[in-house]
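The structure appears right after this line, and notes come after that.
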Amino acid sequence: MTTSEAEPRVRIEESAKNVVSAADTQLDITLDQLKKLVSPRALTGENMLLNMGPQHPSTHGVLRLLLELDGETVINCIPDIGFLHTGIEKTAENKTYTQAIVVTDRIDYLAPMICNLAYVGAVEKLVDVDVPLRAQYIRVILNELTRMNSHLVWLGTHALDIGAMSMFLYTFRERELLLDIFEMVSGTRMMASYFRVGGLWRDVPDGFVDAVKNVLKVFPDKLLDYEKLLKENPLWRERTIGVGVISKEDAIAWGMTGPSLRGSGVNYDVRKAMPYSSYDHFEFSVPVGSKGDVYDRYRCRMEEFYQSLKIIQQALDKLPPGPVITDNRKIAPPPKHEIAYSMESLIHHFKLWTEGFRAPEGEVYFSVESGKGEFGVYISSDGGTKPRRVHFRAPSLCNLQALPQMSKGCLIADIVGIIGSVDIVLGEVDR
Amino acid sequence: MEQTVTTANLDATVAALGDAVNDVRVFRDEVTLITTKGRVVEVLTHLRDAQHFDMLTDETCVDYLPKEPRFAILYQLYSTSRNIRVRVKVMLSEYDRSIPTAAGVWIAANWLEREIYDLFGINFENHPDLRRIMMPPGWEGHPLLKENPVKVEEVAFTFNRERVEADKPRAQE
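Those protein sequence lines, which keep their order, are chains A and B.
Sequence positions in the first sequence follow our numbering and run 4 to 434.
Sequence positions in the second sequence follow our numbering and run 44 to 216.
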């Protein structure tokens, strides 16, 4: 073997070119950019670059990862997102404030009503309108049911990723109970669009209270079953404890929120920190972990089920009678029967459905606690009937951003566990 | 809807920043500090270190076309220890679409700035990894700029289906 000085360098450049062209045509990445992302050993071919996704059952949608592997150990993880980018912010800019409620369902499609609440809450803050107490309480009940819905999908798929298949079947069975309630109030199982600026589309139908009471009755036993399957399961503990650790300081610096942040021991929940929609009327606690590993994040979410049930119970007990939408006719349309005899109502109806209402010039940020973390909506208004800019602060995006740090040095099999534990929804990441 | 936002003690924050803050606006109990492109990193570092705003909740951009300065970069900050929010705003001219990166202050700014770069074409100086993040590699332009229309392709109905289908872009061989 001849060893001239120039030869290895040529080999490195050649090999690197192959790496870039073969593994990475879609990233649209130059060699210089790739050098900053992976270690030199990957460019010589000593470490393997492996593509994972976007079509992969364990990436929870269309997430693509470029993994640099040394054997089975992950050296670097480079997420590639944007496969589900649908231009929701652009769409929302070109619709009136009421019309854009529909697109908010599609952001986090596992927790549509939480996105609805964040958006209508931001508009309500912008136009400064009050929401009747009954509407606020119903919003809280539906939001907590939505949170449970989101967590059920997380629990099922997360366990499925790690190898506990039966969990998936149980959680999707119980999810039907919740979807039936959503269908009852809004007419659809997933894309509810039930909230309106100033209140709700209509009052809840007969049978809603009984259906929610049924959930409260059934769920404690089901949760016990879930706990029996996983909590003390040695295989589960082996795969989750000490995996994907992120410290308190790092989690804050990455902008992580929700159970992923609380698993690291930071007590930040928007419902407690900056209460909205009368969350301060209810007693509940915020579960906080300590180690910041996959198991702690799992525990935080499981405890949240019980807290959600507690909030729903209180809201049902205190549910006041009364209207469910504001009587401010400049914002909310008049009831149908009024149009028959009131000229003014007819004009309001006509103006609202043809043009929409005008919002004062200004900018607001309003955030709620979604199942994934702090879901925020920023609206900048130019005084017209359509917003100048709508921006959705997606918790999944910020949580996913920390994935490279959490997965550094772990085994490739643990990557799927870590992705599951941060609970991403790609509709929200890409918007 | 109301959301309890604490704005106490922000006067002290503004005073500590001195002339780095040009203007303070309060709308619906939300405080916005307006600063300049040259001093934004200094202001953000001060807010993080001395004022305990340890979390960058959000960073985004607004296109104010046809106004000039045309763009605004917004930093939404949150303090986990003080439980308060503040927003920092920097106006950018249409003819100078660049700003120093905040990725050195909060690591979370990395992807948020990549998103702004992709969707608005704002250049972040000294950003560690400035690449497109949402749009496909071959896409030209920046979709969230106001000059881009929301509808580019005509919607196909029965009366114009043949024409629309014929004009549709197809994948090249």
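Backbone N, C-alpha and C fix where the C-beta goes; we use that ideal spot for every residue, glycine too.
query = From the beta carbon of Met134 (chain B), is the nearest beta carbon of chain A less than 8 Å away?
reply = no
inquiry  = Report the CB separation of Pro324 (chain A) from Leu355 (chain A) in whole angstroms; it is logged as a contact under 8 Å.
reply    = Pro324 (chain A) to Leu355 (chain A), Cβ: 26 Å. No contact.
inquiry  = Mapping the DSSP letters down to three states, classify Thr6 (chain A) as helix, strand or coil.
reply    = For Thr6 (chain A), the predicted model reports a pLDDT of 44, less than 50, meaning its position is unreliable and no value from the coordinates is stated.
key: Pairwise C-alpha distance: Gly379 (chain A) and Val425 (chain A)   = 18 Å
task = Please state whether DSSP places Gln36 (chain A) in a helix, a strand or coil.
result = helix
inquiry  = Across the stretch 252-261 of chain A and the stretch 392-404 of chain A, are there enough close Cβ pairs to call them in contact, namely three or more that are closer than 8 Å?
reply    = yes
task = Taking the CB atoms as reference points, tell me whether Ile141 (chain A) and Val215 (chain A) lie closer together than 8 Å.
result = no
query = Do you know how far the Cα of Leu173 (chain B) is from the Cα of Thr144 (chain B)?
reply = 10 Å
query = Going by DSSP, what residues sit across from Met98 (chain B) in a beta bridge?
reply = B:Tyr121
inquiry  = Can you tell me whether Glu196 (chain B) is buried or exposed? The criterion is at least 16 other CB atoms within 10 Å of its CB, across all chains shown.
reply    = exposed
ask   = Under 8 Å between C-beta atoms, does Asn97 (chain A) make it to chain B?
value = yes
task = Return the CA-CA distance between Leu135 (chain B) and Gly164 (chain B), expressed in angstroms with no decimal places.
result = 12 Å
task = Please go through the stretch 129-202 of chain A and give each complete alpha helix (DSSP H) segment of 4 or more residues, from N-terminal end onward.
result = 136-165, 168-189
inquiry  = Quick check on this structure: which residue in B:Val83, B:Glu137, B:Glu73, B:His185 has the alpha carbon closest to the alpha carbon of Pro109 (chain B)?
reply    = B:Glu137
inquiry  = Considering Cα atoms alone, identify which of A:Ala103, A:Gly56, A:Gly64 is closest to His394 (chain A).
reply    = A:Ala103
query = Where does Glu183 (chain B) sit, in a helix, a strand or coil, going by DSSP?
reply = coil
request  = Check Glu252 (chain A) in the structure and name its three-state DSSP category.
outcome  = helix
Coarse secondary structure for Asn331 (chain A), derived from DSSP in three states = coil
request  = Kindly identify the DSSP beta-bridge partner or partners of Thr76 (chain A).
outcome  = A:Asp73, A:Leu414
key: chain B within 8 Å of Ile255 (chain A), Cβ atoms only   = yes
key: Under 8 Å by beta carbon: chain B residues contacting Ile32 (chain A)   = Arg174
inquiry  = For Phe369 (chain A) and Leu87 (chain A), what's the separation of their Cα atoms in angstroms?
reply    = 25 Å
request  = Spell out whether any CB of chain A is found under 8 Å from the CB atom of Ile142 (chain B).
outcome  = no
task = Entirely within the stretch 150-183 of chain B and at least 3 residues each: give me those beta strand (DSSP E) ranges in chain order.
result = 166-168
query = Is it the case that the Cβ atoms of Lys275 (chain A) and Val289 (chain A) are separated by a distance below 8 Å?
reply = yes
query = Under 8 Å between the Cβ atoms of Ala405 (chain A) and Arg434 (chain A)?
reply = no
query = What are the residues that DSSP puts in a beta bridge with His394 (chain A)?
reply = A:Tyr381
inquiry  = Measuring straight from C-alpha to C-alpha, what distance separates Val57 (chain B) and Gly295 (chain A)?
reply    = 35 Å
key: Under 9 Å (Cβ pairs) to chain B, residues found in the stretch 373-387 of chain A   = Glu377, Gly379, Tyr381, Ser383, Asp385
message = If distances are taken between C-alpha atoms only, which option among A:Lys333, A:Leu163, A:Gly201, A:Asp164 comes closest to His352 (chain A)?
response = A:Lys333
Interface flag, Thr94 (chain A) vs chain B, CB-CB below 8 Å = yes
message = Which residue wins for smallest C-alpha separation from Gln36 (chain A), given the options B:Pro171, B:Cys104, B:Val86?
response = B:Pro171
Rounded straight-line distance, which links the Cα of Glu377 (chain A) to that of Val273 (chain A) = 7 Å
request  = Name, in chain order, the residues that DSSP records as bridge partners for Val371 (chain A).
outcome  = A:Phe378
ask   = Hey, which unbroken runs of the alpha helix (DSSP H) at 4 residues or more fall wholly within the stretch 266-350 of chain A?
value = 273-276, 297-321, 339-342
message = Once DSSP output is grouped into helix, strand and coil, what is the label at Leu68 (chain A)?
response = strand
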